[in-house]
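The next block holds one structure in the form of structure tokens; read it before the comments.
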Amino acid sequence: MRHVPFSPRMVWLVRHWPRQSFVVASILDATSRRLGSSRHPWYFRRRVTAVATWHPRQAWPFPCRVTGADPGSVPPPMILVSFHFGRVKSLGPLFEQLPGKVLILEHEKDLSPPRPGVERVTTGGGEMARIAAARRAADLLREDGFVFMLLDRGGDTAKTPIALFDRTFLLSSGAFQLARITGAPIMPVIAEWREGRLEIMLGTPIAPTEEAAMANTLASWLEDRFPEGDRRSRLIRALAG
Amino acid sequence: VCGQTDTGLSIREIILGMWPGRFAPTALRDDVSLGEDGLGLDSVEVVELIFACEDRWGRRVSEQLFTSPALTIERLSQEFSGR
Numbered sequence: 001m002r003h004v005p006f007s008p009r010m011v012w013l014v015r016h017w018p019r020q021s022f023v024v025a026s027i028l029d030a031t032s033r034r035l036g037s038s039r040h041p042w043y044f045r046r047r048v049t050a051v052a053t054w055h056p057r058q059a060w061p062f063p064c065r066v067t068g069a070d071p072g073s074v075p076p077p078m079i080l081v082s083f084h085f086g087r088v089k090s091l092g093p094l095f096e097q098l099p100g101k102v103l104i105l106e107h108e109k110d111l112s113p114p115r116p117g118v119e120r121v122t123t124g125g126g127e128m129a130r131i132a133a134a135r136r137a138a139d140l141l142r143e144d145g146f147v148f149m150l151l152d153r154g155g156d157t158a159k160t161p162i163a164l165f166d167r168t169f170l171l172s173s174g175a176f177q178l179a180r181i182t183g184a185p186i187m188p189v190i191a192e193w194r195e196g197r198l199e200i201m202l203g204t205p206i207a208p209t210e211e212a213a214m215a216n217t218l219a220s221w222l223e224d225r226f227p228e229g230d231r232r233s234r235l236i237r238a239l240a241g
Numbered sequence: 242v243c244g245q246t247d248t249g250l251s252i253r254e255i256i257l258g259m260w261p262g263r264f265a266p267t268a269l270r271d272d273v274s275l276g277e278d279g280l281g282l283d284s285v286e287v288v289e290l291i292f293a294c295e296d297r298w299g300r301r302v303s304e305q306l307f308t309s310p311a312l313t314i315e316r317l318s319q320e321f322s323g324r
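So the sequence lines, in the order shown, correspond to chains A and B.
Start counting the first sequence at 1; every next residue gets the next number (my numbering).
Start counting the second sequence at 242; every next residue gets the next number (my numbering).
Okay, structure coming up:
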């Protein structure tokens, strides 16, 4: 992960004028985009004061740890999936380390800031936009690339039911269908802010098979990783939309 | 019913072969949309059909195909017959 020094003057500025931090955010945003760093402006505006206070000597962007697998050895092709949960907008450090091209499929262009080496395709422009996006994703997976998408809040897309936490949720079918037609496995990804740093959890790859079977495997992984408690409640709220 | 061209007939056969029993042959008209307003294929299924057609005729569809207002059997037929 690339580090951008967080100057003492900037720490002082944010600590004393937190309400003006959006100005600082704008300046740093422009700087870090040029340097290809990993954070999101929204994230910065909400958290910069805390980060500056807790880690005045920490390099910027925020510290990050990836668990479950080494991102550099995740075998392509792979479909990475997540949900509107935790710090899903801060997955830049993961995308940077994957050994191949990365395509982000997003309903609107709000998931990730522009990053070098990461292509973004919007699916929210109607049926033909969804077909074009699916075509691009399938092409990239056939070329041993990585595709990332969110499974919840998919708009008008086809849905796959998933039995999870004693309830049934409807997830976008796109990832499961892409897995079926390209033979690429699905890897669940969860990003959360824990213990003062971003933690990105990579799941076990789910082999391409029938949609229902893949959904069941995904449900088992989520139930193992989200025991009863606040985290599970937040995930349920996210999945329920 | 589609059947005006050999390409159109072949596309119809591909659709019936990929999703046996899902569509009545009479529903596969030239002007019917492949998507939600017509046959009801979702985006990945349409891509799956395009891949099958590309394998059949040995060439890729143009990017212009995706700027059409709607994808129909006729539009796909024109793409592969070069019209």
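Where a beta carbon is used, it is the ideal one built from N, C-alpha and C, also for glycine.
Residues of chain A with a CB under 8 Å from the CB of residue i: which are they?
i: Phe321(B); result: None at all; the shortest Cβ gap to chain A is about 16 Å.
Any idea what DSSP makes of residue i, helix, strand or coil?
i: Ala191(A); result: strand
i: Arg234(A); result: helix
i: Arg295(A); result: Lying before the first or after the last residue shown, residue 295(A) is absent from chain A, which here runs from 1 to 241.
i: Ser303(B); result: coil
i: Ser309(B); result: coil
i: Tyr43(A); result: In this prediction, Tyr43(A) scores a pLDDT of 42, lower than 50, which makes its location untrustworthy; the coordinate-derived value is nonetheless stated afterwards. Three-state DSSP puts Tyr43(A) in a helix.
i: Val74(A); result: coil
i: Leu80(A); result: strand
i: Thr67(A); result: strand
i: Arg270(B); result: coil
i: Arg250(A); result: Coverage of chain A is limited to positions 1 through 241, which leaves residue 250(A) absent and any answer about it impossible.
i: Leu105(A); result: strand
i: Ser38(A); result: The pLDDT assigned to Ser38(A) is 43, lower than 50, so where the model puts this residue is not dependable; a value taken from the coordinates is nonetheless given after this. Three-state result, Ser38(A): coil.
i: Trp60(A); result: Interpretation of Trp60(A) is limited by its pLDDT of 44, a score under 50 that renders its predicted location unreliable; no figure is taken from the coordinates.
Relative to the alpha-carbon of residue i, which residue among the options has its alpha-carbon at the smallest distance?
i: Pro76(A); options: Glu119(A), Gly126(A), Thr182(A), Phe165(A); result: Thr182(A)
i: Gly68(A); options: Ile190(A), Arg237(A), Leu105(A); result: Ile190(A)
i: Val285(B); options: Gly125(A), Ser172(A), Asp224(A), Ser90(A); result: Ser172(A)
i: Val88(A); options: Asp152(A), Glu143(A), Gly124(A); result: Asp152(A)
i: Val92(A); options: Met128(A), Leu222(A), Phe165(A), Ile200(A); result: Before going further, note that residue 92(A) is Gly rather than Val in the sequence given. Taking only the C-alpha atoms, the option nearest Gly92(A) is Ile200(A).
i: Pro208(A); options: Ser73(A), Ile79(A), Val66(A); result: Ile79(A)
i: Ile291(B); options: Arg142(A), Ile131(A), Leu218(A); result: Ile131(A)
i: Leu280(B); options: Leu312(B), Thr246(B), Gly323(B); result: Leu312(B)
i: Phe95(A); options: Arg225(A), Glu106(A), Phe83(A), Gly72(A); result: Gly72(A)
i: Pro205(A); options: Leu218(A), Trp193(A), Gly124(A); result: Leu218(A)
i: Leu141(A); options: Ala163(A), Asp224(A), Pro161(A), Ile186(A); result: Ile186(A)
i: Gly100(A); options: Phe85(A), Glu119(A), Glu106(A); result: Glu119(A)
i: Arg270(B); options: Gly299(B), Leu306(B), Ser318(B); result: Ser318(B)
i: Ser410(B); options: Phe307(B), Cys294(B), Asp272(B); result: Nothing can be reported for residue 410(B), as the shown portion of chain B is limited to 242 through 324.
i: Arg197(A); options: Ser90(A), Phe83(A), Phe85(A); result: Ser90(A)
i: His107(A); options: Gly86(A), Gln97(A), Ala134(A), Gly117(A); result: Ala134(A)
i: Thr308(B); options: Gln97(A), Ala129(A), Met149(A), Glu210(A); result: Ala129(A)
i: Asp166(A); options: Leu202(A), Glu228(A), Thr123(A), Thr122(A); result: Glu228(A)
Residues of chain A with CB under 7 Å from residue i, in chain order?
i: Val287(B); result: Ile131
Show which residues of chain B have a CB atom less than 9 Å away from the CB atom of residue i.
i: Arg153(A); result: Here the premise fails: no neighbours, minimum Cβ distance about 16 Å.
Along chain A, in chain order, which residues have C-beta atoms closer than 9 Å to that of residue i?
i: Ile314(B); result: Those within 9 Å of Ile314(B) in chain A number zero; the least Cβ separation is about 15 Å.
i: Ser251(B); result: The premise fails here: Ser251(B) is roughly 20 Å from chain A at the closest Cβ pair, so nothing lies under 9 Å.
Using a cut-off of 8 Å between C-beta atoms, extract the partners of residue i located in chain B.
i: Arg135(A); result: Val288, Ile291, Phe307
i: Glu211(A); result: Neighbours of Glu211(A) on chain B: none; closest Cβ ~11 Å, over 8 Å.
i: Glu138(A); result: Note that residue 138(A) is Ala in the sequence shown here, rather than Glu. Simply Val285, Val288, Phe292.
Under 7 Å between beta-carbons, which chain B residues line up against residue i? List them in chain order, please.
i: Leu178(A); result: Val285
i: Glu272(A); result: Absent from the model: residue 272(A). The displayed extent of chain A is 1 to 241, so no value can be given.
i: Glu223(A); result: Correct list: empty, because the minimum Cβ distance to chain B is about 27 Å.
Closest Cβ-Cβ distance between residue i and chain C: below 9 Å?
i: Pro261(B); result: Considering every chain present, this structure includes no chain C. Its protein chains are A and B.
Can you list, in chain order, the residues of the stretch 156 to 176 of chain A whose Cβ is nearer than 8 Å to any Cβ on chain B? Cβ contacts with chain B come from Asp156, Thr157, Ala158, Ser173, Gly174.
Give the list of continuous beta strand (DSSP E) stretches no shorter than 3 residues that lie fully inside the stretch 141 to 172 of chain A. Listed in chain order, the complete beta strand (DSSP E) runs (minimum 3 residues) inside the stretch 141 to 172 of chain A are 146 to 150, 159 to 164, 167 to 172.
Can you pull out the residues from the stretch 266 to 278 of chain B whose beta carbon lies closer than 7 Å to at least one beta carbon of chain A? For the stretch 266 to 278 of chain B, which is checked against every Cβ of chain A, the residues closer than 7 Å are Gly276, Glu277.
For the stretch 180 to 205 of chain A, list every residue whose C-beta sits within 9 Å of some C-beta in chain B, in sequence order. So the close ones are Arg180, Ile181.
Going residue by residue through the stretch 200 to 228 of chain A, where are the continuous alpha helix (DSSP H) segments of at least 4 residues, counting only ones entirely within it? Counting only runs of 4 or more, we get 211 to 225.
So if I threshold CB-CB distances at 9 Å, which residues from the stretch 114 to 128 of chain A count as touching chain B? Hits within the stretch, in order: Thr123, Glu127, Met128.
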